[in-house]
Every structure is written in C-alpha cells, then in structure tokens.
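What follows is a set of notes on a single structure, which appears directly below.
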Amino acid sequence: MVEKIASGEVVVASPGRNFVTLRLRTESGITGLGDATLNGRELAVASYLRDHVVPALNGRDAQAIEDTWMYLYKGAYWRGGPVTMAAIAAVDMALWDIKAKMAGLPLYQLLGGACRERVLAYAHTTGSDINGLMRSIEKAQEDGYEAFRVQIGIPGIMDTYGVSASEYYEPALRDSQPARFHWDAETYLRQIPKLLRDIRAQCGEEAILLHDVHHRLAPVQAARLARDLEEVRLFWLEDVTPSDDQDALSLVRQHSTTPLAIGEVFNTIWQCKALMEGHLIDYIRMSVTHGGGVTHLRKVLWLAELHQVKSGLHGPSDVSPVGMAASLHLDFAISNFGIQEYQQRPALIDDLFPHAYSFRDGYLYPGEESGLGVTLSDALTAEKYPYVHGYLPVNYLMDGTVHEW
Ligand SMILES: [Mg+2]
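The numbering of the sequence shown is this note's numbering, which starts it at 11 and goes up by one.
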C-alpha cells in the first residue's frame with residue numbers, strides 16, 4: 011500500500027530560542043516531525059522548505075525515503091550547504107518518523123536494532139577561571155554526567171569561546187547586529203595547556219575530559235597544542251583547525267597522539283571522506299539536523315566505521331528535541347558509537363516537545379515509542395512564541411581582522 015505525503019507545515023517558534031520544525035502528514039493522517047533549526051539563519055531554511063521543498067513533496071510515496079532524499083539532493087541541481095542540507099534533513103527525519111510509526115517500532119529498530127544498552131553523554135562545562143569551571147563540573151556531576159567538555163576563560167582574552175554566563179548556552183544573540191568577540195592564539199596557547207593540566211589534576215584520572223578550539227588555530231599552532239596536551243589525556247581535542255582545510259590535520263597527526271574530533275559544520279560525506287580515509291580524525295561530529303538527516307548521516311557513520319572513526323554527534327541546545335531524538339536512535343543502532351553531546355534544556359522546551367528519550371545518570375536512552383518518539387505540543391505556535399531575530403557572534407583578532415568564531 012502506498013502511503014502518500016499529503017501536506018507539510020513549517021513551525022518557526024522561539025520558546026527561549028528559535029526552532030524550525032517540519033511536520034509532514036500523509037493521506038491517512040500519519041504525521042512525522044523533522045528538525046530544520048540552523049542557529050542564526052533559521053528563516054532561510056524555513057523558506058527553503060515552505061517555498062521550494064514542501065510543494066514538491068505532495069503526492070510522493072512517504073515510505074520511499076532514499077528515493078526522496080536523492081530527489082531533493084540531486085534533483086535541485088544546486089547541492090550541499092547548511093541551508094539545503096538542514097531542509098533535506100528535516101524531510102528525511104519526518105519520513106523515518108512516519109515509516110517507524112507505520113511499523114509500530116522505535117526508529118532504532120528499523121535501523122538495525124540496539125547495539126548498546128545506553129548512550130554516553132557529555133556535558134558542557136564552563137568557567138571564567140578554574141574555580142568557576144570546577145563548580146560547573148560539580149554541578150554536571152550532580153546531574154550524573156561522567157564526561158565534560160571543559161571551556162575556560164583565558165586571561166587577556168575578554169570573551170573566550172565557550173565561556174558563558176548563562177547555563178542555556180549559545181543561542182544566536184538577540185541583537186540587530188552580530189556581537190563582536192575577540193581572539194589571540196598566542197595568548198591562548200601560552201595558557202591553555204597549564205589550565206587543562208590543572209583541571210585534570212583536580213578532576214582525577216577517571217574523568218572524561220574534552221576541549222573545543224572552535225576552528226581557531228593554524229596547523230602548526232594546532233600541532234603544538236595537541237602535543238602539549240598529550241599528558242592531559244583528553245577524550246578528544248575538537249575543531250582544532252579550520253574545518254575547510256582537511257590537510258591541516260595531517261600536520262597535527264604527525265606531532266601528536268591526542269585524539270581529534272571535527273565536523274559539526276560539515277553537511278555532506280564529501281567534507282569528511284578524506285579525513286576518514288587518511289585516518290586524520292578519531293571522531294566525526296556531524297549532526298543529524300545539519301547533515302542531511304538519518305539517511306545521509308548513516309552513510310557517513312558507515313564510512314567512519316571502515317576507518318575506525320567513532321561517532322560524537324553534535325547536540326547542543328540549538329538542535330531541537332526532534333533532532334536529538336533522531337541522533338539517539340542512530341547512536342543506539344550503530345556499532346561505532348563514541349559519545350553524544352547533550353545539554354539539558356529548560357523545562358519549557360521539554361514541555362513543548364514531549365519526548366520518549368530520557369537522560370539518567372550521565373546516559374541517554376531513545377525510548378520505546380514508535381517513530382522518533384517526539385510530539386509537538388499544541389502550545390508551540392508562532393503566535394505564542396514568535397521568532398526572535400538574532401546572530402551568532404563574529405570573532406575578531408585583536409587588530410580587527412575577522413577570524414573563525
Ligand atoms: Mg564544537
């Protein structure tokens with residue numbers, strides 16, 4: 011029996027931060043949800059879906075997921091990029107949601123079934139100094155976390171990446187113009203190895219520690235840092251060089267055995283193929299929401315498996331609970347799972363996106379509801395929670411040169 015797509019609706023709402031959610035409906039009334047949230051560029055994806063994608067879906071077989079993925083990817087001629095791939099991802103998630111609901115199974119069962127009993131999550135911890143950071147880690151430990159991304163203020167740099175006053179981290183800032191952040195690599199490189207050594211000493215040998223450089227170093231600087239951090243035994247050093255320059259990591263590899271992760275801004279397999287084939291990374295950080303959905307990310311993760319690269323799927327608070335659910339079903343069903351980024355959300359978000367997945371004692375569970383296991387509350391409307399215009403910050407060197415944020 012062919013179950014045809016009958017309609018699609020794009021919900022843009024801002025319950026504390028902007029989310030873009032696609033809801034597809036079949037002729038017999040089955041609904042599927044997809045996350046299309048692109049932090050700071052939300053309306054571009056909403057328009058791509060409303061104006062270009064949804065009209066082209068009406069009447070298509072809702073179960074032909076691979077075929078529809080190719081129809082949207084190859085069929086548009088213009089391909090790739092975060093706007094296009096977030097839109098395709100939303101359609102893909104919604105179709106997997108529908109198919110799993112039709113089968114009466116949680117999505118992970120359709121993806122091959124559970125490869126593990128639980129999904130290790132890591133927390134964002136942050137502090138302007140060691141004492142502040144340790145308080146942040148202690149709070150995460152009280153919530154049960156065993157793994158911590160540690161970001162700490164650097165004296166001499168006024169707004170270090172990842173050091174946030176608010177717990178609800180990194181929404182696009184609500185300004186008419188992008189905020190101006192600052193960066194100096196030498197100041198950072200002089201101080202961060204000692205800071206991370208001190209954090210390791212205070213946390214003990216058992217703690218799982220990660221650190222994110224947000225693409226800011228030149229290859230030789232990154233190589234020096236990765237070498238200097240070996241004794242800290244990070245779980246991973248993330249985004250240590252600009253993501254566009256895949257060869258950069260070969261220099262880092264030549265000088266260090268610190269594990270490397272990259273990929274949260276990648277949106278196709280072509281951006282990580284050479285990194286995997288060259289064994290230049292240990293963890294791939296793409297997200298379901300920005301990486302073309304379950305269908306495409308599954309291919310990325312299969313390629314990763316061939317090269318002993320593990321998953322570390324992107325999951326900050328700008329991935330909606332719909333995208334998080336899709337990540338968890340994938341995490342559960344792949345053999346090369348590594349770790350999952352996870353930020354607990356304000357209760358309002360959980361209330362507006364009721365979900366079957368759960369977090370307990372540092373681990374995540376996708377839940378046993380059929381489909382993705384997420385619904386949209388009727389209260390989540392554009393009228394009640396209107397879109398808020400905002401930008402991610404722009405990062406500058408001390409002399410005013412625009413740099414990677
Ligand atoms: Mg990151």
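For every residue, glycine included, the Cβ atom is placed at its ideal position computed from N, Cα and C. Computed from a predicted model, the values in this text were never measured in an experiment.
- Note on Gln-161: 16 or more other CB atoms within 10 angstroms of its CB, so buried under the neighbour-count rule.
- Taking non-hydrogen atoms of ligand 1 into account, the C-beta of Asp-222 is found less than 6 Å away from one of them.
- Annotation: Gly-26 is outside any beta strand (DSSP E) and is labelled neither H nor E by DSSP.
- Rounded to whole angstroms, the gap between the alpha carbons of Glu-274 and Ala-16 is 33 Å.
- With a cutoff of 7 Å on beta-carbon distance, His-225 and Pro-252 are scored as near each other.
- In this structure the segment 145-158 does not touch the segment 115-128; the number of beta carbon pairs closer than 8 Å is below three.
- His-265 sits away from Ala-232, with the two beta carbons spaced by 7 Å or more.
- The segment 84-98 makes contact with the segment 51-62, as at least three CB pairs between them are under 8 Å.
- Asp-222 sits in a strand when the DSSP states are folded into three classes.
- Only exposed fits Asp-361, as fewer than 16 other CB atoms lie within 10 angstroms of its CB.
- In the structure shown, Ile-162 falls within a strand segment according to DSSP collapsed to helix, strand and coil.
- Within 10 angstroms of the beta-carbon of Thr-411 lie fewer than 16 other beta-carbons, which makes it exposed.
- Following the DSSP letters along the chain, one finds Tyr-375 inside the beta strand (DSSP E) bounded by residues 373-375.
- Scanning Arg-128, Leu-143 and Val-129 for the CA closest to the CA of Thr-135 turns up Leu-143.
- In this structure, Glu-240 lies near Thr-268, with their beta-carbon atoms less than 7 Å apart.
- Exposed is the label assigned to Ser-38, since fewer than 16 other Cβ atoms lie within 10 Å of its Cβ.
- Membership of Thr-94 in any beta strand (DSSP E) is not indicated; the residue belongs instead to the alpha helix (DSSP H) covering 92-113.
- Comparing alpha-carbon positions, the option among Tyr-118, Thr-36, Leu-130 and Ile-359 lying closest to Ala-336 turns out to be Tyr-118.
- Boundaries of the alpha helix (DSSP H) harbouring Gly-333: 331-343, taken from the DSSP string.
- For Trp-193, the uninterrupted beta strand (DSSP E) run begins and ends at 190-193, by DSSP.
- Here Tyr-171 has His-224 as same chain residues with Cβ atoms under 6 Å from its own Cβ, once five neighbours each way along the sequence are excluded.
- DSSP lists Val-160 as the bridge partner or partners of Thr-135.
- In the DSSP assignment, Arg-237 falls outside any beta strand (DSSP E) and within the unbroken alpha helix (DSSP H) covering 229-238.
- Under the three-state reduction of DSSP output, Thr-411 falls in the coil class, being neither helix nor strand.
- Just measuring C-alpha positions, the residue of Thr-278, Ile-272 and Val-304 sitting nearest Ile-291 is Ile-272.
- Sequence-distant Cβ neighbours of Leu-227 in its own chain, meaning closer than 7 Å and more than five residues away, are Ala-195, Leu-235, Val-250 and Thr-251.
- Taking the Cα positions, Asp-254 is about 9 Å away from Phe-276.
- The segment 327-343 and the segment 363-371 touch, with three or more beta-carbon pairs separated by less than 8 Å.
- Within the same chain, Lys-14 come within 6 Å of Gly-69 by CB-CB distance, once the 5 residues on both sides are set aside.
- In the three-state DSSP reduction, Trp-312 falls in the helix class (H, G or I).
- Judged by their CB atoms, Leu-43 and Asp-107 are nearer to each other than the 7 Å cut-off.
- Here Ser-321 carries a strand assignment [DSSP, helix/strand/coil].
- The C-beta distance from Leu-259 to Leu-244 rounds to 15 Å, too long to fall under 8 Å, and the pair is not in contact.
- By the neighbour-count definition (other C-beta atoms within 10 Å, threshold 16), Met-408 is an exposed residue.
- Here Asp-45 carries a strand assignment [DSSP, helix/strand/coil].
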